[in-house]
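These notes concern the structure reproduced below.
Chains as they are written, first to last, in UniProt numbering: chain P, 1 to 98; chain C, 1 to 259; chain Z, 1 to 196.
Below is the structure:
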């Protein structure tokens, strides 16, 4: 293995660990944002769910970009996955708020 | 067609003793039979027979009888026609089986596919035709009996999945193991979706309305889109595979006397 | 190109763009994401039609089981991603162990899910409730994908075992499929457990 390869591999490994830590933290954070009995279907509850949706979108994008290595992929694939993410989470959030 | 005409000349020069193959006209013939059959099937089932999009599952016996009365002419014309050409299902399985036998993954999978699809055609196709034709040709029977035929036809048509999942599974396995690249690997994945949607469709036995009934968004409409996509891919891929067959392509069986 | 005054040290060459895995696997993944997206939106539409009843049913789900399952699956994805890097280094043994760890996390996920299903069914939450109908179908279809994922990981382990094989692309493809299983669960978790 040549030197630049090693450097890239180390960088990739750091990125993978960082993504895992961020994903786990976001999961735990989202768990505490979940609206309780009294706050569902109130303005505060809606805000919390919007935050959960944003966290969900960020988590999905981290998995796609870091774990699936789409960050090094051709442009069409990055555009397709981002498009899917945007349309899906927008539709889900609108569906929830309706 | 073009490559079949050009091929035999060279072959004949090299091995004069070997009988010339007539080309692959029979492959094209069956391919077109497949295309025509699936088109006729769509017209008969969707436009004339009204089985897709389906009638409502949450009706009473009288409503079901009234529904048959309203659509009896379309059902009679469409389904009698489909009953006559029902053998087209066998021919359609035949061409897929033929190309599966060309794969390096083994002939047993091709036989399993043909057999599973052949058995599946009875509940998945024939029973619907027979039930609804009985209901429309015997309108004087009690609404309860007509209601049973209504349910039986729809549930058999959409809810009989075991044979189809088996057929799609062996097809997917054959595509993944094949090293002759008869079908591309992505078609194997599309076939895997078919397996999953068939399993999801089993829900319709339990629900009378909503997303999982026989007219549900998930059990029917998304499944139909995947099925349509699968057939469309198959039409293109079979056409390509048939186009690659030349006079040089070895026969599946040696001619009598050469072995 | 570079502005005047920047350091003279050459920037490391940009990494070349490449498709992870192969195009066939991406047909599978993008298609699957699309059809699962249709399922998710259908769920939200049905939820919007009777939001109160769905929310009441959602309260019966134990969020902590959901969180545990999410962390288990995220960790499995971490192992899978590390396995691909190990293959690139030529560390076959480590790659194989990481893939085994991935599969083990997958099985653990399925066991937790089975326990959860058992609890819900024994409490009388069956598919005849609007929300639980979706719960069982979405998690069930996801479990089918998880089972396929374990199978595909097995293919990758077999590939790594024989010295003649060891094609990195096979490992990449199976790991991509596994990440998709993880990705879909992250959406399902937010949808069923959190957005109540």
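Where a beta carbon is used, it is the ideal one built from N, C-alpha and C, also for glycine.
Values in this document were obtained by computation on a predicted structure and should not be read as measured data.
N-terminal and C-terminal residue of the alpha helix (DSSP H) that residue i is part of
| i | result |
| --- | --- |
| residue 76/C | 61–84 |
| residue 32/C | 25–42 |
| residue 150/C | 143–159 |
| residue 131/C | 127–137 |
| residue 183/C | Element bounds for residue 183/C: n/a, residue is neither H nor E. |
| residue 76/Z | 63–89 |
| residue 35/P | Segment: none, residue 35/P is in no alpha helix (DSSP H) and carries neither H nor E. |
| residue 204/C | Element bounds for residue 204/C: n/a, residue is neither H nor E. |
| residue 95/P | 75–97 |
| residue 261/C | No information on residue 261/C is available, as it lies outside the stretch 1 to 259 that chain C covers here. |
| residue 221/C | Counting along the chain, residue 221/C falls outside any alpha helix (DSSP H), and DSSP gives it neither H nor E. |
| residue 26/Z | 23–49 |
| residue 119/C | 107–121 |
Cβ of residue i within 7 Å of any chain Z Cβ
| i | result |
| --- | --- |
| residue 99/C | no |
| residue 211/C | yes |
| residue 26/P | no |
| residue 185/C | yes |
| residue 170/C | no |
| residue 13/P | yes |
| residue 30/P | yes |
| residue 196/C | yes |
| residue 96/C | no |
| residue 44/P | no |
| residue 217/C | yes |
| residue 113/C | no |
| residue 92/P | yes |
| residue 56/P | yes |
| residue 189/C | yes |
| residue 173/C | no |
| residue 222/C | yes |
Contacting residues, own chain, Cβ-Cβ under 8 Å from residue i (five flanking each side not counted)
| i | result |
| --- | --- |
| residue 85/P | 57, 60, 61 and 64 |
| residue 50/C | 71, 74 and 75 |
| residue 180/C | 102, 103 and 104 |
| residue 40/C | 81, 82, 85 and 88 |
| residue 132/Z | 57, 120, 125 and 126 |
| residue 66/C | none |
Any C-beta of chain C under 7 Å from that of residue i
| i | result |
| --- | --- |
| residue 149/Z | no |
| residue 183/Z | no |
| residue 62/Z | no |
| residue 24/Z | yes |
| residue 28/Z | yes |
| residue 177/Z | no |
Neighbourhood of residue i by C-beta, 6 Å cutoff - its chain only, sequence neighbours within 5 removed
| i | result |
| --- | --- |
| residue 33/P | 48, 51 and 52 |
| residue 240/C | none |
| residue 80/Z | 102, 175 and 178 |
| residue 43/Z | 134 |
| residue 207/C | 213 |
| residue 198/C | 161, 164 and 165 |
| residue 152/C | 131 |
| residue 48/C | 74, 77 and 78 |
| residue 205/C | 159 |
Spatial neighbours of residue i in its chain, beta-carbon cut-off 7 Å, leaving aside the 5 residues before and after
| i | result |
| --- | --- |
| residue 113/Z | 69, 139 and 143 |
| residue 17/C | Residue placement at residue 17/C cannot be trusted, given a pLDDT of 49 that sits under 50; the coordinates are not used to answer. |
| residue 45/C | 51 and 52 |
| residue 81/C | 44 |
| residue 245/C | 24 and 27 |
| residue 173/Z | 21, 22 and 25 |
| residue 46/P | 97 |
| residue 129/Z | 57 |
| residue 187/C | 175, 233 and 237 |
| residue 15/P | 66 |
Neighbour flag for residue i against chain P, beta carbons, 7 Å
| i | result |
| --- | --- |
| residue 41/Z | yes |
| residue 20/Z | yes |
| residue 77/Z | yes |
| residue 145/Z | no |
| residue 133/Z | no |
| residue 101/Z | no |
| residue 108/Z | no |
Ranges of the alpha helix (DSSP H) found wholly within the region 103–175 of chain Z, counting only runs of at least 4:
130–161
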